[in-house]
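So the structure is just underneath, and the comments pick up after that.
Numbering (my numbering), first residue to last: 1 to 470.
Structure, rendered in structure tokens:
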């Protein structure tokens, strides 16, 4: 496949620094074609709606389990709701506090802080960020002044990347395990609610909401990543739709295999997931990722990715992904086949969904792969697929990566946590509004002012930059 930029670290540190001849750094600026369309607004509204519907249906299912005196299922469902939202709220609050300390950040009134606290207490942190992003996008359209447009576009992208990253965290902590749990419950109870079709419909709706949220969070992540990086073509809406279907069907097949296996073999699923994570961890380590400066933190990051690989693949390094996708999906297919076969041989012969689930799993998996191929052949916004890589190109890429490591402008480890400009697990700015280890705040502030006041026809240094997804 062509050179891909959907690696997870990119959004966490979307600004790219490169050393100039005088030893100082420069920061890639915003994309030259700044725009905010009604489709962008629709994407934000869909993100808000899918988040609320996902959480709402999960709460409704928890209430149903409690009313049916299924306290064990109630406790598990509630745990998968509360813990992720509390973690997400803590991260969001920290980002707000650190934002307020940074020069150049928009002024926040007392009323806005009050609103933030209310939303955070209600565990609705991403919603407010989505709303802020939408407001800044509208202000970007309303202003004709170039300076004001740059400012509001910067704010819009910044809030969008914040919300997208929070949503991605929430989905892998809440939606993914919730989806497996609810399908497991449906499989174990067989006919869980008798003639009460409303309760059954609610649980199925919760499963679909989690699946849609998980798939959309991955697509939204990719969209925001390309939006925040200069010299990257944005995804088309046809590409977004095809990529969503690819993720939807592949994840559906994976979750179905895990849930049905757990319905028969119960806690053996933990062994399956554990072995899967160990294999994926070893594979990721072999890729020689460069997310952290310290080896221990780098291994910790690899472990986090290994857990995410239970459900889907992220490209952890900036390089062609054709062979990695082939390896990952071949491994997933073999693992899913083993799980489904073990379940099928042990399931009751007269179980009504025994054959439909078995056949549906394979149909879903291969339909997802077809959409993946269609995406990369028709809609991936990159160069054509290369049969082989030029050695000189590989050497140039290696030299740039070595130069980046010598420069020391990768992510920093602050108090044992992965940070970018002091913000825990936070995406960097898409415009030069950050300081680095090379320049003090005064020099950086001057660069910000110079960038914001440059004329529309001025040549953008980022247009010649060849930075990579570090």
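C-beta atoms are modelled at their ideal positions from N, C-alpha and C, and glycine is treated no differently. Keep in mind the model is a prediction, meaning the values are calculated, not measured.
Compute the Euclidean distance between the alpha carbons of residue 38 and residue 281, then round it to the nearest angstrom.
Rounded to the nearest whole angstrom, the C-alpha separation of residue 38 and residue 281 is 41 Å.
When you compare only the Cα positions, how much space is there between residue 312 and residue 100?
The C-alpha of residue 100 is placed about 35 Å away from the C-alpha of residue 312.
Answer with yes or no whether the minimum CB distance from residue 73 to chain C is below 8 Å.
The displayed structure is made up of one protein chain only, and chain C is not part of it.
Which whole-angstrom value describes the C-beta separation of residue 371 and residue 237, a residue pair presumed to lie in contact below a C-beta threshold of 8 Å?
15 Å between Cβ atoms; not a contact.
According to DSSP, is residue 36 helix, strand or coil?
DSSP places residue 36 in the coil class of the three-state scheme, outside both helix and strand.
Taking the alpha helix (DSSP H) that residue 112 belongs to, which residues open and close that run?
Where residue 112 is concerned, the enclosing alpha helix (DSSP H) stretches over 110-121.
Excluding sequence positions up to five away, which residues of its chain have a Cβ less than 6 Å from the Cβ of residue 258?
Cβ within range, chain order: 180.
What residue ranges within the region 132-176 form continuous alpha helix (DSSP H) runs of no fewer than 4 residues, ordered along the chain?
With a minimum length of 4 residues, the continuous alpha helix (DSSP H) runs that stay inside the region 132-176 are 146-170.
Roughly how many angstroms separate the alpha carbons of residue 336 and residue 158, rounded to a whole number?
Straight across, the Cα-Cα distance linking residue 336 with residue 158 is about 38 Å.
Taking the C-alpha atoms as reference points, what is the distance between residue 410 and residue 286?
The predicted position of residue 410 is uncertain, since its pLDDT is 34 and thus under 50; no value can be drawn from it.
For residue 346, three-class secondary structure by DSSP
Of the three classes helix, strand and coil, the one that applies to residue 346 here is helix, per DSSP.
Which whole-angstrom value describes the C-beta separation of residue 227 and residue 234, a residue pair presumed to lie in contact below a C-beta threshold of 8 Å?
So it is a contact: roughly 6 Å between Cβ atoms.
Could you tell me whether the region 51-70 touches the region 139-146, using the rule of 3 or more Cβ pairs below 8 Å?
Judged by Cβ distances under 8 Å, the region 51-70 makes no contact with the region 139-146, as fewer than three pairs qualify.
Rounded to whole angstroms, what is the Cα-Cα separation between residue 183 and residue 151?
Cα to Cα, the separation comes out at about 46 Å.
Between the CA atoms of residue 102 and residue 24 - distance to the nearest angstrom:
Model confidence at residue 24 stands at a pLDDT of 31, short of 50, so the residue's coordinates are unreliable; what they give is reported in the following sentence. Cα to Cα, the separation comes out at about 21 Å.
I'd like to know whether the C-beta atoms of residue 185 and residue 362 end up nearer to each other than 8 Å.
Result no, Cβ atoms of residue 185 and residue 362 do not sit closer than 8 Å.
CB residue 48 to CB residue 166, shorter than 8 Å?
No, they are not a contact pair.
Distance CB(residue 128)-CB(residue 41) smaller than 8 Å:
Between residue 128 and residue 41, the CB-CB gap reaches or exceeds 8 Å.
Among the residues of its own chain, which have a CB less than 6 Å from the CB of residue 174, if the five just before and after it don't count?
Around residue 174: 80 and 84.
Below 8 Å between beta carbons: does that hold for residue 315 and residue 322?
Result no, Cβ atoms of residue 315 and residue 322 do not sit closer than 8 Å.
My guess is that residue 310 and residue 334 are in contact by the Cβ rule of under 8 Å, so how many angstroms apart are they, rounded?
Actually they do not touch by this definition, with Cβ atoms about 15 Å apart.
Beta-carbon proximity list for residue 137, same chain, < 7 Å, skipping 5 on both sides:
Once the five neighbours on either side are set aside, the close Cβ partners of residue 137 are 36, 40, 41 and 156.
Could you check the C-alpha separation between residue 350 and residue 200 for me, to the nearest Å?
Between residue 350 and residue 200, the alpha-carbon positions lie close to 21 Å from each other.
Measure the alpha-carbon distance for residue 298 versus residue 255 and round it to whole angstroms.
Spanning the two alpha carbons is a distance of roughly 28 Å.
Close-in-space but distant-in-sequence residues of the same chain around residue 213 (CB under 6 Å, 5 per side omitted):
The residues are 50, 54, 171 and 175.
Local conformation of residue 392 per DSSP, three classes:
Its pLDDT being 46, under 50, residue 392 is placed unreliably in this model, and the value from its coordinates should be taken loosely. Residue state, collapsed to three classes: helix.
Given a cut-off of 8 Å on the beta-carbon distance, is the pair residue 284 and residue 305 in contact?
Taking 8 Å as the cut-off, the beta carbon of residue 284 is found closer than this to the beta carbon of residue 305.
Using 10 angstroms around the beta-carbon of residue 197, count the other beta-carbons present and answer buried if the total reaches 16, otherwise exposed.
When all chains shown are included, residue 197 counts as exposed.
Unbroken alpha helix (DSSP H) run spanning residue 85, endpoints
Element bounds for residue 85: 71-101.
Thinking just about the alpha-carbon of each residue, which of 202, 308, 149 and 97 is nearest to the one in residue 169?
When only C-alpha atoms are compared, the closest one is 308.
Pick from 178, 344 and 260 that is closest to residue 75, judged by C-alpha positions
Checking every option, the nearest Cα to that of residue 75 belongs to 178.
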